[in-house]
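Residue numbers (the working numbering), protein chains in the order written: chain P, 1 to 364; chain B, 365 to 896; chain L, 897 to 1089.
Yeah, the Cβ is synthetic: ideal placement off N, Cα and C, and Gly gets one too.
Have a look at the structure below before the remarks.
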Amino acid sequence: MSKAFTLALSLLSTPALADWQLNMNEGVTALSREIFDLHMLIFWICVVIGVAVFGVMFYSIFKFRKSKGAVAEHWHENTTVEVFWTVVPSIILIAMAVPATATLMDMYDTSEADVDIQITGYQWKWRYQYLDEDIDFFSNLSTPREEIVNESTKNPNYLLEVDNALVIPANKKVRFLVTANDVIHSWWVPHFAVKKDAIPGFINEAWVKVEEPGVYRGQCTELCGKDHGFMPVVVEVKSEADYEQWVADQKAMKLAMADEASKDLSMDELIAKGEGVYQAACSGCHQPNGQGIPGAFPAITGSAIATGAIDAHIDIIVNGKTGTAMQAFKEQLSAVDIAAVVTYQRNALGNTVGDMVQPSAIQK
Amino acid sequence: MATVDVDLPHVKDEDPHHHGPAKGLGRWLYTTNHKDIGSMYLIFSLTMFMIGGIMALIIRAELFQPGLQLVEPNFFNQMTTMHGLIMVFGAVMPAFVGLANWMIPMQIGAPDMALPRMNNWSFWILPFAFLILLSSLFMPGGAPNFGWTFYAPLSTTYAPESVTFFIFGVHIMGASSIMGAINIIATILNMRAPGMTLMKMPLFVWTWLITAFLLIAVMPVLAGVVTMMLMDIHFGTSFFNAAGGGDPVLFQHVFWFFGHPEVYIMILPAFGIISEIIPTFARKRLFGYSSMVYAVASIALLSFVVWAHHMFTVGMPLVGEVFFMFATMLIAVPTGVKVFNWVATMFRGSMTFETPMLFAIAFVVLFTIGGFSGLMLAIAPADFQYHDTYFVVAHFHYVLVPGAIFSIMAATYYWLPKWTGHQLNETMGKLHFWLSFVGVNVTFFPMHFVGLAGMPRRIPDYALQFADFNSMASVGAFIFGFSQLVFIYNVIQNVRAGEKATAQVWEGAQGLEWTIPSPAPYHTFSTPPKVD
Amino acid sequence: MAEQNETKTNRLVVRLATAAIAMFGFGFALVPLYDVFCDITGLNGKNFGQGPAEVTSVDRSRTVKVQFVTVNPADMPWDFRPTVRSMRVHPGEDKNTTFYAKNSTTEWMVAQAVPSVTPSEAAPFLHKVNCFCFDRQPLDAGTDTEMPLLFVVDPELPEHISTITLSYALYDLTDDQKVTQLTLDNDKGRTSL
């Protein structure tokens, strides 16, 4: 029976990765290992208590059956026993609470950090701002739509991959300042044992000190609307030298971007680029085909804005629309991206306005 | 429970003023009879259980494989939200109220509930509350999609239009629960037969008395929090909006001040039921009756000071984390006492294993497993890893499905012969039990694993490493879901026909309800029995 | 006997119903209670030591890093950032800084900054002597401004805290302001009659 069952399952489930992970990740920081040990300690205490209690119970079930001629005894109280099984669990609980409190105190360590990063949750992406460097970017899910709708094979990092990963140095104390732009999100990386709610209007902090470079993946863990399941967290931990190099590269890239914004692009170039921007930034709400979701998100196809005056179209993308889910995209998209996506929306998805806008004309 | 020696002057109804039930639909609309109302509550609850169950199966079908197959993420969120709301407020709570209606008067020797007309009201507003809630599925923008815990601002600024109907529905079901609770307290405190002292009451009555006080204490707080939401949405206040000086975290504090006692509202009556069934089939008096009562009372009191353990990750100060961790762990002590007492009742008894007993034993084992994961969740530092993952989903489904739901099924099988006058079909009962038992464990046990491995809850699609256990859970869910058809068949079959049941029904059954004939006459204990 | 029981029941029902209504009120009372609780514990990092601290001496033996961060909530189009990202201060000394804001839209707008501090334990020890967040900030279309903040870190700040982060979320209250303005105008109209 069980063999057939497993076989049936393996035939039905995606063959890409058979992973039967049973337990929590030990993680890659001193703190995550401390939490893991605590978890295992409580787990084994529960197992011991469970074996004892269920042991007595199943012994009774097999031994004291009427069918085996068991006759019920008449006692129904015993103060000594009752006091015993009130006091002993209390002592066990205190024994559990002491190491737990010690771990909590380690988590709330407030010593000064080497790198401070502001993490802001948006519906449905993360924004990372390095406080002491001029680095500021958004991190979107990069899994292609085709994989999600089962039109192509899922890659091993399905739903756990982003366009821009958060990069932090190894062996440095990194402090995260977590907040949100719209609703409550929660930033979680299991291997760091860091999970902190991102609350709009309020700021929370957490910290990490990772020993080994590597890539660590997590997800948003607080229901935050439609695409809650599609806003992963990816953290790339680099050695100190690599991290410095990365910071320098980011700054160089920023200059190059400013340069690019002053160049003119052809309509085809804009539309081609715009399609990528649209799928990454707009399709979550307005849908990949531009039809929107009636009652929730308006369609782009045939919309009064996307087919009306181009300045108003640019304005709503740059500044958003108050009182709706339409965000201001000026922080999220470059001038090139905005010019491209505006041109794309006006000349694709069933719209044929025929005009275009250059990056240099975008007033952010 | 004390053994009751009963002096029954009138077993048969001889009072000429009392007639049988009225005929037709009017009987159900205008009835003030506790048995009729109890039956209606139970049928309503079963209907809701099926509707909520279909939603659960939609969720599990979508999660059978990675990728989006059946439903859009927004509809998925509506399903998780509605499944939670319907199961909590539509299935579990009304089922316990139905059992209370049927059994409390019969267990304390009262002719009916203290406030029969209010009883009719508190039932009949309930279907309207759920019609309103369910109708939101067909509204533009869809049904509530913000989770059954409806955290602001997702449920206020960012909610679909239907949130107003959701709020209205919650108000109505809250009113129903409060009226029901007042009625139960009035019945238990004022209508007991002479000689039925508080410490002689069956444990089901005791646990319901305490539950009713919890309901009166926290359902109004729920009404308050949804009213604040309503004001934020429509009247420009800022209780939960940081822009106007409010605080979204305040919502969570108020919600869980209601929410944690609510969890015990759904489990304390279950403790009562199990404490009735185990002694019957062990043919031995319940071990530690008074410690059971004190344990239930202390669980109820502690439930008011542990709410923030649902919020360890919101950024509380260290002192807060430590306080709520300690208070939560403390609950393990009275809960442990109850489990030990049940085991001690079985020890050196003379046990048989009819369907109600099977469900009761499964309850003890599986509820305890849910208790263990609850204890793990109470450890604040570890909770940072468990919070909002499938580990939590596994935990609360273990306490609610093989906990609350199994206890309701156990109670139904236990008292059904008393209600219908027909003996149970044990073969079919056992078939239902074993299918449910296997289904429940195949569904919910793997959720512990994916949760620990890092799968967040409330997601319509997941990373590949979680695929195997998710398909397993989906298979289990369908086994569990469809095996409930056996339950429905069993109940209908038992209502229609069956071997004639005796008054005592079960060999070891003790208590007033077993002194009246089966089926219980329309009016019972018109003249109070005397309990010595 | 039966009648007596009925009055007993009625009395009980009235009491229980009153209790239910009282608990409804208690739900609302949790709002101010929560604020008081936050004041005492700094729970949500919202409630600061307000106004000038009664600081007599500057503790030069200690420096604390104060960081400034800003958040633009959804649909707030202004540019908003601290002019200085962080500064090192001695507890007890007055410090000045500014925040830059620009209304890049084509309409007049009003905004309100909402502060939050982490670690929340430090909130009661960060005194804002003068802050732009005390008032609503109007800005004409396309104009910018530098908004002042004068603060003191209390020397009583617990030893183990070495970094304080002060965050401002800037909310758009333009619609709100228009409504208030309108009611004010109406009131004026009425009094002049």
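- Spanning the alpha carbons of B:Ile638 and B:Pro883 requires a straight line of approximately 22 Å.
- Judged by DSSP secondary structure, B:Leu594 falls within the alpha helix (DSSP H) whose first and last residues are 567 to 598.
- Our two residues, P:Leu22 and B:His796, have alpha carbons roughly 30 Å apart in a direct line.
- Here DSSP, grouped into helix, strand and coil, assigns L:Glu1003 to coil.
- Per DSSP, reduced to three states, the secondary structure at B:Val613 is helical.
- When secondary structure is reduced to three states using DSSP, B:Leu434 falls in the coil class, being assigned neither helix nor strand.
- For B:Phe797, the uninterrupted alpha helix (DSSP H) run begins and ends at 790 to 817, by DSSP.
- By the neighbour-count criterion, in which a residue is buried when 16 or more other Cβ atoms sit within 10 angstroms of its Cβ, B:Met563 is exposed.
- Taking 9 Å as the CB threshold, P:Ser111 lines the interface with chain L.
- For L:Pro978, the closest C-alpha among the options L:Met972, L:Val985, L:Val967, L:Pro987 is that of L:Val967.
- Under the DSSP assignment, P:Cys46 falls in the alpha helix (DSSP H) whose first and last residues are 30 to 63.
- Interface criterion not met: the Cβ of L:Val932 is under 9 Å from no Cβ in chain P.
- Counting C-beta atoms within 10 angstroms of its own C-beta, P:Ile49 has 16 or more neighbours from the protein chains shown and is therefore classed as buried.
- By the neighbour-count criterion, in which 16 or more other beta carbons inside 10 Å mark a residue as buried, P:Ile91 falls on the exposed side.
- When only Cα atoms are considered, P:Ala325 and B:Tyr522 end up about 8 Å apart.
- B:Pro524 and B:Gly818 have their alpha carbons spaced roughly 30 Å apart.
- Residue burial annotation: P:Lys63 is exposed, with fewer than 16 other C-beta atoms found within 10 angstroms of its C-beta.
- Contact between B:Ala539 and B:Ile641 does not hold, since the beta-carbon distance rounds to 32 Å and is not under 8 Å.
- Distance between P:Ser142 and B:Ala659, taken at the CA atoms: about 53 Å.
- Of all residues in the segment 197 to 230 of chain P, those with a C-beta nearer than 7 Å to a C-beta of chain L are Pro200, Gly201, Phe202, Ile203, Asn204, Glu205, reading in chain order.
- Beyond the five residues adjoining it in sequence on each side, B:Thr551 comes within less than 7 Å, by CB distance, of Ile468, Pro469, Ala474, Met477, Ala478 in the same chain, given in chain order.
- Taking C-beta atoms as the reference points, L:Ile1060 and L:Val965 fail to come closer than 9 Å.
- In the three-state reduction of the DSSP assignment, B:Tyr658 falls in the helix class.
- Of the other Cβ atoms in all chains shown, 16 or more fall within 10 Å of the Cβ of B:Asn484; this residue is therefore buried.
- Using a 10 angstroms sphere on the CB of B:Leu406, the tally of other CB atoms reaches 16 or more, which defines it as buried.
- Bridge pairing for L:Phe1047: L:Lys991, L:Lys1024 [DSSP].
- For P:Val357, no Cβ of chain L is located within less than 9 Å of the residue's own Cβ.
- Using beta-carbon distances, L:Met972 counts as an interface residue toward chain P, with a partner under 9 Å.
- Not one beta carbon of chain P lies nearer than 9 Å to the beta carbon of B:Arg424.
- With respect to chain L, the C-beta atom of P:Val194 has no partner C-beta closer than 9 Å.
- Under a criterion of Cβ atoms nearer than 7 Å, the residues of chain L adjacent to B:Leu553 are, in order, Leu908.
- The beta-carbon of P:Asn157 is placed less than 9 Å from the nearest beta-carbon of chain B.
- Between B:Phe727 and B:Gly785, the C-beta gap is not smaller than 9 Å, which leaves the two residues out of contact.
- In the DSSP assignment, B:Gln848 falls within the alpha helix (DSSP H) that extends over 831 to 860.
- Under the Cβ criterion (8 Å, minimum of three pairs), the segment 445 to 462 of chain B counts as touching the segment 769 to 781 of chain B.
- In the DSSP assignment, P:Lys154 is bridged to no other residue.
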